[in-house]
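In our numbering, the protein residues as written are 66 to 549.
Each remark here refers to the structure printed beneath this line.
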Ligand code: PEP
Ligand code: MG
């Protein structure tokens with residue numbers, strides 16, 4: 066199952082715009098120097114293929130086998146476990162390196178056990194990239210052919226900064242602690258006027274996310290909570306009932322809301338494309354779409370299936386009734402007032418007081434950016450830039466199409482222009498602005514947004530510290546310039 070949102074698939078390291086992307090590039094949070102825990106157990110018998118013995122304890126400075134995108138920082142050694150089918154997950158033990166076409170929500174327990182992750186497909190916003198960063202597990206994605214180039218039991222070292230996979234194990238056997246790793250070392254948190262928040266995709270990463278000292282969660286994706294049940298919402302409800310469905314969502318959000326309380330947790334309503342749903346039980350009923358990214362997803366699907374969406378909204382109401390007043394509701398992929406008012410009506414029908422609760426929209430389409438003044442008049446409290454989608458729709462670059470991956474540029478002048486105008490209009494209407502796409506972890510985007518006057522920036526867990534410092538630097542520069 067190819068769950069998630071692969072954007073950039075790296076095959077050969079070329080920098081041609083069409084085709085491969087140049088790599089993680091300007092991201093903060095490379096975390097260089099972090100050495101991953103070595104695989105448990107002793108020397109493992111390797112396989113003899115192409116005359117090479119890749120087993121055992123070579124030093125990992127051996128032959129570079131292939132490369133991809135360094136998607137989650139750190140160096141990890143272990144033996145490869147090729148996972149082509151979900152029923153092969155059991156063979157992944159503590160400290161092994163998962164090698165797979167692409168990770169899926171069902172693989173998360175195995176990803177937690179793994180020392181490292183290598184995928185054939187996907188880019189910096191793919192499931193593998195997002196989840197491995199949250200878990201603090203080094204990952205190299207978009208390698209093209211890792212599952213063919215490696216065999217089970219091959220000893221490998223992956224470098225999640227450089228995006229390389231080399232033969233043998235690294236000599237360093239340092240224990241890592243994924244939570245402590247992101248806890249700021251300096252006793253004083255950089256105080257910034259612009260809030261710095263964190264993105265969370267799996268509720269299990271909440272402790273690690275909170276340890277960063279972030280000012281809240283700028284994006285909590287619901288997808289993992291639903292897709293990890295391996296059923297479409299409709300099938301889940303048919304099999305287990307409405308109450309269980311609501312409970313699933315309440316419990317998923319609650320863990321994160323507890324961890325951050327009273328800091329705000331911005332929860333996005335379900336946004337999974339049909340090709341992701343089709344992989345699940347009940348997925349046979351999903352429409353076959355020419356391009357699922359342009360299809361039946363986000364708020365469109367929710368408004369078209371109000372009998373399902375209302376249960377999601379009931380989960381929010383229950384959380385409010387339980388006292389989680391730090392939970393905020395964010396609507397994905399809205400285009401215009403019609404979308405927003407329809408969703409607002411459903412929220413109210415579900416018993417959510419839209420005057421009292423904080424709710425808002427993602428700005429992911431050029432239409433939503435261009436209609437922002439009207440959206441502001443609908444009563445939204447915030448607008449958050451989903452630059453993964455905003456970039457794909459502004460530049461007509463399909464996130465799933467590796468042939469045009471080199472054109473995917475969140476810092477393209479057209480994307481920045483839409484963002485800049487939206488921030489300005491929101492400021493005029495007293496609507497808070499934020500970013501929750503992956504670009505919020507990039508220094509150039511942080512610099513641009515702080516200069517534009519964005520209210521908050523939500524970054525990947527491993528980038529929060531650097532974003533806090535960059536925000537402070539830019540803010541201080543602005544103050545200096547204003548008094549000079
Ligand atoms: C985005 O589009 O930037 C975003 C955060 O949403 P997703 O990547 O889940 O589509
Ligand atoms: Mg999006």
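Beta carbons are placed, not taken as given, at the ideal position from N, Cα and C, and that holds for glycine.
Assigned with DSSP and collapsed to three states, residue 316 falls in helix.
In its chain, beyond the 5 residues on either side, 338, 457, 463, 464, 465 have a beta carbon closer than 7 angstroms to the beta carbon of residue 358. Taking a 10 Å sphere around the C-beta of residue 306, we find fewer than 16 other C-beta atoms and assign the residue as exposed. Nearest Cα to residue 194 within the set 412, 374, 136, 508: 136. Between the ligand MG and residue 453, a heavy atom-to-CB distance of less than 7 angstroms is present. Residue 443 has its alpha-carbon roughly 31 angstroms from the corresponding atom of residue 341.
With a threshold of 16 other beta carbon atoms within 10 Å, residue 511 meets it and is buried. With contacts defined by Cβ atoms closer than 8 angstroms, residue 293 and residue 170 form a contacting pair. Per DSSP, residue 146 is one residue of the beta strand (DSSP E) stretching across 140-147.
For the 8 angstroms CB-CB criterion, residue 411 and residue 426 do not form a contact. Taking the Cα positions, residue 346 is about 15 angstroms away from residue 290. Excluding the 5 residues flanking it on each side, residue 149 has same chain C-beta neighbours closer than 8 angstroms at 165, 166, 212, in chain order. Exposure of residue 468 is indicated by the presence of fewer than 16 other C-beta atoms within 10 angstroms of its C-beta. A buried status is given to residue 204, since no fewer than 16 other beta-carbon atoms sit within 10 Å of its beta-carbon. Between residue 529 and residue 277 the beta-carbon gap is near 4 angstroms, inside 8 angstroms, which marks them as a contact. Boundaries of the alpha helix (DSSP H) harbouring residue 196: 192-200, taken from the DSSP string. The DSSP-derived three-state label of residue 459 is helix. Taking the Cα of residue 287 as reference, the smallest distance to any Cα among 310, 494, 260 is reached at 310. Beta-bridge analysis with DSSP links residue 428 to 450.
When rounded, the separation of the alpha-carbon atoms in residue 155 and residue 184 is 18 angstroms. Sequence-distant Cβ neighbours of residue 328 in its own chain, meaning closer than 7 angstroms and more than five residues away, are 280, 281, 391. For the stretch 196-278, the full-length alpha helix (DSSP H) segments reaching 4 residues or more read 211-214, 243-247, 271-276 along the chain.
Among the bridge pairs identified by DSSP, residue 528 is matched with none. If you check the CB distance, residue 505 and residue 523 come in under 8 angstroms. Between the alpha carbons of residue 383 and residue 321 lies a gap of roughly 15 angstroms. Between residue 134 and residue 214, the gap from beta carbon to beta carbon reaches 8 angstroms or more. Look at residue 397: its beta carbon is less than 7 angstroms from one of the heavy atoms in the ligand MG.
When the Cα atoms are used, residue 355 and residue 472 turn out to be separated by approximately 21 angstroms. Taking 8 angstroms as the cut-off, the beta carbon of residue 283 is found closer than this to the beta carbon of residue 499. Taking a 10 Å sphere around the C-beta of residue 152, we find fewer than 16 other C-beta atoms and assign the residue as exposed.
Apart from the 5 residues on each side of it in sequence, residue 244 sits with its Cβ closer than 7 angstroms to the Cβ of 272, 273, 276 in its chain, given in chain order.
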